[in-house]
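Counting along the sequence shown from 1, when you hit position 1 you're at 1 in UniProt numbering, and nothing is skipped either side. Where a beta carbon is used, it is the ideal one built from N, C-alpha and C, also for glycine. The structure under discussion appears below in the form of structure tokens.
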Amino acid sequence: MTTGKNTKFYETPNHPFQGERIAQEADLLSRYGLKNKEELWRAQSELRNIRREARRLLGEAQGDTEEAEALGAEFMARLRRYGILSAEDDISQTLRLDVTDILERRYQTIAYRNGIGQTPQQARQFIVHGHVTIDGARTTVPSRKVEVDEEDSVSFDETSPLSDELHPERAEAQE
């Protein structure tokens, strides 16, 4: 049995030292509690792939084929399921997406927005240590994309010591 190919899931910036880009990346890293720039570059690559697919589907839609409509509907359903687009948006709205739209759908960010941690970094730590669940299932991957219907079910694990409201890490937030 052969091993798989080692492939990167992201593209690095073309120019290594651009002060403005580095400052923007540092702001996004601190705002979303990302561990390193690779996580940001993955989100940027995911956005690039979404936009590339949207441009391809828009081009195929000019031919008015039924297959293109079916593929476009499937593509839009996936983006709506993950909350990247709203229900009333059409495929041309995907070209206006920003990397923050992708980062907002991460498990870590959703947990922070739901009050799991006091900071995005603390929410990440709780996730990695297995204190947080989605629909009762423990998931320790902070970069996981959370679907819209799962968003409200992000909570502390019942067996976690942090599920107690009086735990010192949670009591600080209540004061």
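Here the stretch 70 to 77 does not lie against the stretch 3 to 23, with fewer than 3 beta-carbon pairs under 8 Å apart. Between R56 and I84, the CB-CB gap reaches or exceeds 9 Å.
By the C-beta criterion, the stretch 105 to 119 is judged not to be in contact with the stretch 86 to 94, since fewer than 3 inter-stretch pairs fall below 8 Å. S160 sits close to H131, with the two beta carbons spaced by under 9 Å. Y112 sits close to G33, with the two beta carbons spaced by under 9 Å. Secondary structure at T94: helix, using DSSP grouped into helix, strand and coil. In the three-state reduction of the DSSP assignment, F75 falls in the helix class.
Put simply, of R42, T94, G117, L47 the residue whose alpha carbon is nearest the alpha carbon of T7 is R42. In the structure shown, S155 falls within a strand segment according to DSSP collapsed to helix, strand and coil. With 16 or more neighbouring CB atoms inside 10 Å of its own CB, A54 falls in the buried class. As DSSP reads the structure, K145 sits in a beta bridge with R106. The beta-bridge partner set that DSSP reports for A137 consists of I134.
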